[in-house]
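Peer 1:
Residue numbers (the numbering used here), protein chains in the order written: chain A, 1 to 242; chain B, 243 to 732.
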């Protein structure tokens with residue numbers, strides 16, 4: 001089989017706030033003999049506008065994404081939210097334009113979140129990582145419920161040497177980020193995040209790990225404001241540890 | 243009389259609930275209990291998923307052919323000797339019901355729990371006619387004494403502790419103070435027993451309305467619905483038009499789902515199938531009236547996307563699982579229906595401009611869709627309402643820029659990579675004023691100020707991934723691709 005060509009969709013949050021996540025994804029994929037490219041024209045998938053009800057604005061941004069990956073076999077993003085946006089919601093956005101709908105559906109077929117790409121497409125669970133710490137994993141909502149990706153992150157984590165993975169109570173409970181929900185309803189978003197942090201801390205974990213930057217920004221922001229010892233980490237960063 | 247929904251207070255009331263340890267604990271413990279019972283209950287039913295699929299299919303078929311089934315239902319109701327009335331608005335429902343009550347010369351009306359009754363504020367109308375309405379469901383009885391609206395679709399007094407109830411009963415019924423649940427229930431029972439005997443009219447809702455037989459189906463644990471619908475001489479049933487199912491046999495699917503989804507029960511204590519008033523030699527009301535209620539449902543029905551919300555069988559499972567409902571409680575939603583389904587039906591029934599914030603009061607986590615017995619795609623419908631809100635009832639400006647303009651500017655920047663890049667470079671410079679060791683404690687303008695009120699905000703990384711990729715490409719000119727990328731900065 002020829003080397004698969006993967007275009008990286010970095011996501012606007014990782015691009016601006018956690019670029020090291022992108023570096024980790026590139027390194028891990030290259031070590032698995034994947035040809036990774038990055039189209040510098042990319043900016044955002046359009047979800048912030050879509051979730052807030054501004055479909056025309058979302059569509060104008062999404063339209064650009066449709067043309068970014070004609071020269072790759074797959075597209076991989078370190079985010080369940082962005083992947084859901086392309087796979088699940090782009091068809092809704094473009095439902096009235098047959099040509100763009102076709103493009104969106106075709107792109108959706110080969111667009112994957114990072115952990116599901118490793119496990120379900122490359123059929124790899126052991127990426128050679130080592131991380132001698134106790135961690136707990138938070139299922140981000142889009143990844144879990146829109147994409148149905150629950151096992152792949154755990155399959156990958158179980159192969160990390162010297163790692164202790166402990167499940168927290170309510171690991172499927174929303175962390176409270178919810179995109180614009182975090183700024184529209186902070187009086188609910190913050191307590192929801194605090195519940196999640198409490199659950200994580202109760203496991204004795206040093207690290208709270210998730211596959212989505214939005215959740216991590218929200219939880220890390222809470223941890224830092226409260227001066228708690230819990231550390232947060234993106235799944236891709238953990239998998240790049242040696 | 244329009245139902246007054248105080249949506250503006252969703253933030254205020256939500257914050258109150260979060261900040262009140264007793265209320266917060268009441269909501270937390272009750273919803274966790276109901277949610278846990280549901281989980282246990284569905285392990286008993288092999289093929290629970292298929293049951294949900296079937297239930298959804300039946301509801302979909304019924305709603306898509308509602309005109310047919312309503313006509314069939316009405317024919318059968320009349321065939322069995324009951325009266326059918328059609329009410330398009332809350333006022334209509336009240337007018338028709340009060341007319342029946344007046345004709346019956348009843349001085350008291352006993353009421354079984356009916357969310358539709360709450361929706362149209364029937365009690366006010368009955369009182370205005372000089373007749374006394376008495377809620378007989380224990381939870382409704384409690385909130386009637388407290389002068390409150392239901393806080394949950396299935397458990398209206400979910401937010402009340404036994405201490406709250408003890409005080410309420412002592413104040414209004416002059417009963418002994420006690421916090422023993424059995425004793426509190428006995429106090430209510432004594433007060434209500436007499437009412438069932440005295441009342442000239444009993445009002446109920448309906449959990450299901452069977453088109454094939456013209457039957458009204460009610461489910462309950464207390465037995466008060468049985469009393470309300472069989473003891474008084476006249477029975478009025480308020481039925482939202484979406485309650486229809488085609489055949490008696492369809493109940494087999496819904497009855498297996500409803501109890502388990504809502505409270506974890508295999509079946510509620512009583513399930514009643516009422517077909518017409520009493521026949522010679524039977525117990526039951528002499529006169530039966532069925533009021534079919536629109537009040538915004540036809541509007542939802544007309545919308546091919548939104549009509550899915552009419553599949554709802556009012557089990558309450560979505561409330562019990564919703565992390566937002568658990569925090570803000572039922573009253574925060576402002577209307578009669580709360581939780582995820584409330585965020586849909588309230589704006590749909592009474593209009594978005596009156597209930598604009600509700601579709602946004604969700605993190606779109608999707609837990610509700612996972613537990614809905616008829617698999618309503620609640621997050622998707624919420625997203626559609628959000629879109630409708632932005633096109634029909636634009637957000638008043640909360641910050642320096644109105645929100646629609648903000649997003650138009652945002653989209654413009656996102657469509658132009660050069661703008662996006664320059665914008666982020668500018669932001670990187672700007673944040674030097676406020677960022678300390680990679681974190682920002684306070685951003686003074688909306689909407690970012692809403693973030694930093696309760697959390698720190700991460701500073702933008704020193705270089706973006708775009709920039710790092712460019713560096714990688716430069717340093718890799720001539721080298722093999724397996725070079726490990728090592729960035730000099732964090």
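Cβ coordinates follow ideal geometry from the N, Cα and C atoms, glycine included.
#1: The stretch 53-64 of chain A: which residues have C-beta closer than 7 Å to a C-beta of chain B, in chain order?
#2: Find the residues of chain A that neighbour residue 706/B, judging by a C-beta separation of less than 8 Å, and give them in chain order.
#3: Determine which residues share a DSSP beta bridge with residue 444/B and list them.
#4: Any Cβ of chain B within less than 8 Å of the Cβ of residue 38/A?
#5: So, is residue 671/B buried or exposed, given that buried needs 16 or more other C-beta atoms within 10 angstroms?
#6: Please confirm if the stretch 657-665 of chain B is in contact with the stretch 40-48 of chain A, defined as three or more CB-CB distances below 8 Å between the two stretches.
#7: Determine the extent of the alpha helix (DSSP H) in which residue 461/B is found, giving its start and end residues.
#8: Using the beta-carbon of each residue, which ones in chain B are nearer than 7 Å to residue 43/A?
#9: Check the Cβ of residue 569/B against every Cβ in chain A and list those closer than 7 Å, keeping chain order.
#10: Below 8 Å on the Cβ atoms is my guess for residue 400/B versus residue 393/B; work out the distance and round it to an integer in Å.
#11: Using a beta-carbon distance cut-off of less than 7 Å, what residues from the stretch 73-101 of chain A approach chain B?
#12: Hey, could you find the ends of the beta strand (DSSP E) residue 644/B is sitting in?
#13: Of the residues that make up the stretch 597-612 of chain B, which ones have a beta carbon closer than 9 Å to any beta carbon in chain A?
#14: At which residues does the beta strand (DSSP E) containing residue 233/A begin and terminate?
#15: Do residue 585/B and residue 604/B count as a contact pair if the criterion is CB distance below 8 Å?
#16: Please identify, using Cβ separations under 7 Å, the residues of the stretch 257-289 of chain B that lie next to chain A, in order along the chain.
#17: Hey, would you say residue 136/A sits closer than 8 Å to residue 166/A, going by beta carbons?
#18: Which residue comes first and which comes last in the beta strand (DSSP E) that contains residue 7/A?
#19: In angstroms with no decimal places, state the Cα-to-Cα distance between residue 314/B and residue 409/B.
#20: Within this structure, are the beta carbons of residue 49/A and residue 653/B separated by less than 8 Å?
#21: Closer than 8 Å, CB to CB, is residue 215/A near chain B or not?
#22: Does chain A have any CB closer than 8 Å to the CB of residue 191/B?
#23: Note the first and the last residue of the continuous beta strand (DSSP E) segment covering residue 224/A.
#24: If contact is defined by three or more beta carbon pairs under 8 Å, each pair taking one atom from either stretch, is the stretch 435-449 of chain B in contact with the stretch 295-315 of chain B?
#25: Under the three-state reduction of DSSP, which class applies to residue 35/A: helix, strand or coil?
#26: Between which two residues does the alpha helix (DSSP H) carrying residue 589/B extend?
#27: Measure the C-alpha to C-alpha separation of residue 522/B and residue 530/B and round it to an integer number of angstroms.
#28: Count the other C-beta atoms from every protein chain shown that fall within 10 angstroms of the C-beta of residue 289/B, then say buried if there are 16 or more, exposed otherwise.
#29: Ends of the beta strand (DSSP E) at residue 398/B?
#30: Which two residues bound the contiguous beta strand (DSSP E) that contains residue 535/B?
#31: Starting from the N-terminal side, write out each stretch of the alpha helix (DSSP H) that is 4 residues or longer and does not extend beyond the stretch 47-112 of chain A.
#32: Using a C-beta to C-beta distance shorter than 7 Å, which residues of chain A count as neighbours of residue 580/B?
#33: Just the Cα atoms here: how many angstroms apart are residue 545/B and residue 108/A?
#34: Entirely within the stretch 387-439 of chain B and at least 4 residues each: give me those alpha helix (DSSP H) ranges in chain order.
Peer 2: The short version:
#1: 53, 54, 55, 57, 60, 61, 64
#2: 15, 16, 19
#3: 352/B, 477/B
#4: yes
#5: exposed
#6: Judged by Cβ distances under 8 Å, the stretch 657-665 of chain B makes contact with the stretch 40-48 of chain A, as three or more pairs qualify.
#7: Taken as a continuous stretch (DSSP letters only), residue 461/B belongs to no alpha helix (DSSP H), being part of the beta strand (DSSP E) at 457-462.
#8: 656, 659, 662
#9: 188, 191, 192
#10: 5 Å
#11: none
#12: From DSSP, residue 644/B is part of no beta strand (DSSP E); its letter is neither H nor E.
#13: The residues in question are 599, 601, 602, 603, 604, 605, 606, 607, 608, 609, 611, 612.
#14: 231-234
#15: yes
#16: 257, 260
#17: yes
#18: 5-8
#19: 49 Å
#20: yes
#21: Not an interface residue.
#22: Residue 191/B is absent from the model: chain B starts at 243 and stops at 732.
#23: Unbroken run through residue 224/A is the alpha helix (DSSP H), 213-226; no beta strand (DSSP E).
#24: no
#25: strand
#26: 581-592
#27: 15 Å
#28: exposed
#29: No beta strand (DSSP E) holds residue 398/B; DSSP gives it neither H nor E.
#30: 529-535
#31: 47-51, 55-65, 80-84, 90-93, 98-109
#32: From the beta-carbon of residue 580/B, no residue of chain A is found nearer than 7 Å; the closest lies around 14 Å away.
#33: 28 Å
#34: 404-415
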